[in-house]
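Student:
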Amino acid sequence: MENERSSSRGLSWPDQFQPLKPLIEDQWRTTDDIYLIRQLSGGKSGAQVYLADVTSENFTGQAILKLEMGVDPEWIEKSEANRHRQAYEAEPGYSHRHLPQVVQSTHDEERVAILSTVAARGLEFALPWSEANHSQQVEVLKKLASSLLEDWNAKARMAHGLIAPQFLLRSWLAHRLDKHRGRLHETSEVLCGIPSLERSFVIEGRWLPNPLAFCLDNPEAHSGNRIRAIEGHVHGDLHGQNVLVSQTGSSKNHYYMIDLAFFEQRQYLFFDHTYFAVSQLLARRGNVSDSRWLSIADEMCPFEHLKRNPDVLSDDVGLTNMLKSLRSEVVSWVDRHHAHRLSYMEAQFQLSQVAASLNFANKRIKPELRRLAFIHAATVLRDYIELHNVDWPKYGPQISETATSPICEQVTSDKGSNTPSEPIQNEFPSLSDGPSIAVMEFENLSGQDNQRFFVQGLSDEVITELSSVDWLMVISRGSSFNYKSGVDDPKKVGRELGVHYVVEGTVLKIEERIRVSVKLVDTATGKQLWADRFDRRVVDLLELQQEIATIITARIETQLKRTERESASKKIGDVTQWESLQRAMWHFYQRTEEDSQKAREILSLLTDHGSTMSGAFAASAILEARQIAMGRAKNVGDTLQIALRNAQRSVELDENNSLARLSLSRVYSLQGKYDQAVFEATASIDLNPSSSVGHLNLGAVLIYGGRAQEAILPLEKSIRLSPKGPMLNLKRVIKAFILYFLNDSFKAEQLLLPVASSRYLSPFSYLFLAAVHVKDDRPDDARSALQEALRLRPDFSKDWFRKYWRAFVPEYRDKLVGDLERAGLPKTAGSASGQ
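Residue numbering for the sequence shown follows my numbering, beginning at 228 and increasing consecutively.
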């Protein structure tokens, strides 16, 4: 009887998501059980995707239910809904035919559930991609390839000017590329045995270019090699697991999406197509030999004169023909729309294959798959180089055999090639000009061998996260893991590795809880600069590693910035450019007019005398932007032009500098270019995901553009990443400002009251308190708060807002000024009343 009842309820609910069931029943107001009819995929990052039958107040019928674990479930829930909303707004026709629409969602502290519609009439009319036969897959792939261009990108447009191929690759790969470290370097050096900047290598008797070296190459060295690119919408993570195939054969849509993993506007085209193709190659041929993998790549080459006499096996022919059909649809679209730019479009398609392959070479997947993806990127890049006569060396070292050592199973962040396995005994490296850090392997206090991999993995994850801090040099695990936390003296480690700072840690697991203790040590003095402890309940070890590593990195970055500024401010005698920049930032954070002028003078010495420090130009732009936002600029137009010029120069010098992209986002927001501001703010976070300042900036530009609901999440994440940093009060004021527009007066007031004593922020705290009190119909409190704000800043007036906050979205600015006028805000500075 029990078996019958269980069967009638469909699949059993997954154990790790049991705590979500009562939340779903309560918040979605379901009137019957949710029946899990069939599992569609394992999803990304541990997500489980089901076809479900739901009966609730807001939705009844078949739907897609996605259950996911996350470091920030609330952010996952909101961002998923936002991605779908943006897609429907951008291309409603395509979205209604192929994309699901989010109808319900909920989360607890660790899990998220998202319910979305089925684009087809019901999933009985569709089947997962993996269950479709070959002819169905070929037909669907043709429809998918063409509709991604004709419908999804119906409004695609040419990008401005001619673009270097390296620029396209960096745009697609973003933070995955790094000049010194990262998982792509590990793929090249550890999995392939090729130094990351070695320009070419040899495999199976043929030369291939190193795609990582090409991406990091100076595009000016090949100035004649430019293309005219086209840009539009990108799905970003299009693979077989999220595609459903029409069974009936009569459907004009032919395919439906389970979810929309990513959505990006104004990205270069063809990445979706090539990502899908590479994912299929790796999924179906991820265990073949090098020679067979190269034969498949040769068979895929569309240029007969570049083919190397491929000798593919019969069971490879179906796969290659299917993927060729995808390419033929792209060529057909190009022929119809851009026939006179065929060579440009072909070049862009080739480069997108390189980028998609490197994307997989950077993922946390099996080492052998990463290695094959890297080789595939090289084979396509070789065709590009030969087709476009790029001057590139055609010799290099032999690639290593397929790597299978345990080290390859771990996520590392090796900085250089051929790292010695033993510490240098005779000669120690000198300290770098900028800050450098080493992470010693954390100590396993549990004494259990089965915890060793978690402890090593956490140490690795901290290295990986720190490697995304673009101003910090991080020593490779191959060197730093020769030293053990709790055993080796940090001063000795600093001397032998040539680093300024060392991270030590311990991990203790007791039943279902884990305690991680971490400290940051100055290797010159042995002084402990920062320490913290993290207690967590174990649910998903990989997610836990990521969460703790991200928070550790954010706290370390905040502390290191403060330490570097303090050290530079006290140094006597000659200083390096890095120390000059830190000295300027020390004055920047004092926030007085005198210190701001001193910071400006130091930065001018760097920017006006041929410096190529991207960070100096970015800091200068941020300083001028702050002068406008705080109402201190004498001439807003001139100050804004200086800020724009410096921000643009900063990005020109290093487009992968997160501070550069942040500075440009701030300037764009002050120009009223809200979409560009959000784009650059997001790019800044992509480059440095653990940056508390980056998330703070995203929240600020979102509220500046009138998107209060979206702004709250990055603000909260910024506070979580650095809850005790020097910018905490500013975060509280901005969050209160956002809550004011979200009509949450109580929380806004609670945030503003403790900041009222802040010398720098008091005027704005009282100003916003006045607006909050007006909203709460507390006129006496509103007048009192405004009078205190005017005492501190007599220049506050309606004209002040018109002058300094003129780019603030009008709807929000008028709302704020209207409430302040009701509290007594004068029209001009010094006038007696608001009349």
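Beta carbons are placed, not taken as given, at the ideal position from N, Cα and C, and that holds for glycine.
#1: Whole angstroms are fine: how far does the CA of Y1039 sit from the CA of R934?
#2: Please confirm whether any heavy atom of the ligand ZN lies closer than 7 angstroms to the CB of V1001.
#3: Below 8 angstroms, can you find three or more Cβ-Cβ pairs linking the stretch 814-833 to the stretch 849-862?
#4: Cutting at 7 angstroms between CB atoms, please list the residues of its own chain near S357, excluding the five before and the five after it.
#5: Might you give, ordered along the chain, the residues of its own chain that have their beta carbon closer than 6 angstroms to the beta carbon of R740, omitting 5 neighbours on each side?
#6: When you compare each of D253, G459, Y482 to V365 by their alpha carbons, which one comes out closest?
#7: Mapping the DSSP letters down to three states, classify E654 as helix, strand or coil.
#8: So, are the CB atoms of R397 and N884 less than 8 angstroms apart?
#9: Please identify the residue among K900, V745, G864, G921 whose C-alpha is closest to the C-alpha of L889.
#10: Going by other Cβ atoms of all chains shown within 10 Å of its Cβ, with 16 needed for buried, is R679 buried or exposed?
#11: Please classify Y993 as buried or exposed, where buried requires at least 16 neighbouring CB atoms within 10 angstroms.
#12: Hey, out of Y277, G753, D1004, R742, whose CA is closest to D759's CA?
#13: With a Cβ-Cβ cutoff of 8 angstroms, do L267 and L342 count as a contact?
#14: Comparing alpha-carbon positions, which option in C419, I930, V339 lies nearest A1072?
#15: If you draw a straight line from the C-alpha of I961 to the C-alpha of R408, how long is it?
#16: Tell me which residue opens and which closes the alpha helix (DSSP H) that A459 is part of.
#17: What residues in its chain sit with their C-beta under 7 angstroms from that of Q809, if we drop five residues either side in the sequence?
#18: So, is P1053 buried or exposed, given that buried needs 16 or more other C-beta atoms within 10 angstroms?
#19: On the three-pair Cβ rule with 8 angstroms, is the stretch 972-983 touching the stretch 940-948?
#20: Quick one: what does DSSP say R764 is sitting in, helix, strand or coil?
#21: Once you ignore the five residues that flank W302 on each side, which residues in its own chain have a CB closer than 7 angstroms to its CB?
#22: Using the Cα positions of F968 and D1004, report the straight-line distance between them to the nearest angstrom.
#23: Roughly how many angstroms lie between the CA atoms of D260 and S949, to the nearest whole one?
#24: How do the stretch 549-558 and the stretch 368-384 stand: do at least 3 beta-carbon pairs fall below 8 angstroms, yes or no?
#25: Given this structure, state the Cα-to-Cα distance separating I783 from H727, to the nearest angstrom.
#26: Thinking C-beta only, is V696 closer than 8 angstroms to T1063?
#27: Comparing alpha-carbon positions, which option in R1010, P1021, A1056 lies nearest L1047?
#28: Given a threshold of 16 other Cβ atoms within 10 Å of its Cβ, counted over all protein chains shown, does M385 qualify as buried or as exposed?
#29: Touching or not, the stretch 925-934 and the stretch 1027-1037, by the rule of three or more beta carbon pairs under 8 angstroms?
#30: Do you know offhand how far I799's Cα is from E806's?
#31: Which complete alpha helix (DSSP H) runs does the stretch 292-319 hold, if anything under 4 residues is left out?
#32: Assuming the contact rule is C-beta atoms closer than 8 angstroms, S712 and M667 should be a hit. Round their C-beta distance to whole Å, please.
#33: Check whether the Cβ atoms of N586 and Y502 sit closer than 8 angstroms, and answer yes or no.
#34: What is the DSSP secondary structure of E229, counted as helix, strand or coil?
#35: Taking all protein chains shown into account, decide if D610 is buried (16 or more other Cβ within 10 angstroms of its Cβ) or exposed.
#36: Could you tell me which uninterrupted alpha helix (DSSP H) segments, each at least 4 residues in length, are contained entirely in the stretch 678-749, listed from first to last along the chain?
Tutor: In short, the structure shows the following:
#1: 10 angstroms
#2: Among the components modelled here there is no ligand, and therefore nothing to report on the ligand ZN.
#3: yes
#4: G467
#5: R764
#6: Y482
#7: Low confidence applies to E654: its pLDDT is 42, below 50, so where it sits in the model is not reliable, and the reading given next is rough at best. Here E654 sits in coil by DSSP.
#8: no
#9: G921
#10: exposed
#11: buried
#12: R742
#13: no
#14: This structure gives no information on residue 1072, because the portion of the chain shown stretches from 228 to 1062.
#15: 35 angstroms
#16: This sequence places Gly at residue 459; Ala is not what is there. Counting along the chain, G459 falls outside any alpha helix (DSSP H), though it belongs to the beta strand (DSSP E) covering 457-461.
#17: E791, R792, A795
#18: buried
#19: no
#20: strand
#21: L940, K944
#22: 15 angstroms
#23: 42 angstroms
#24: yes
#25: 13 angstroms
#26: Residue 1063 is absent from the model: the chain starts at 228 and stops at 1062.
#27: R1010
#28: exposed
#29: yes
#30: 11 angstroms
#31: 300-317
#32: 5 angstroms
#33: yes
#34: Caution is warranted here: a pLDDT of 39 is assigned to E229, below 50, making its placement in the model unreliable, and the coordinate value is therefore given only provisionally. Looking at E229 - three-state DSSP - the assignment turns out to be helix.
#35: buried
#36: 679-694, 704-707, 717-724
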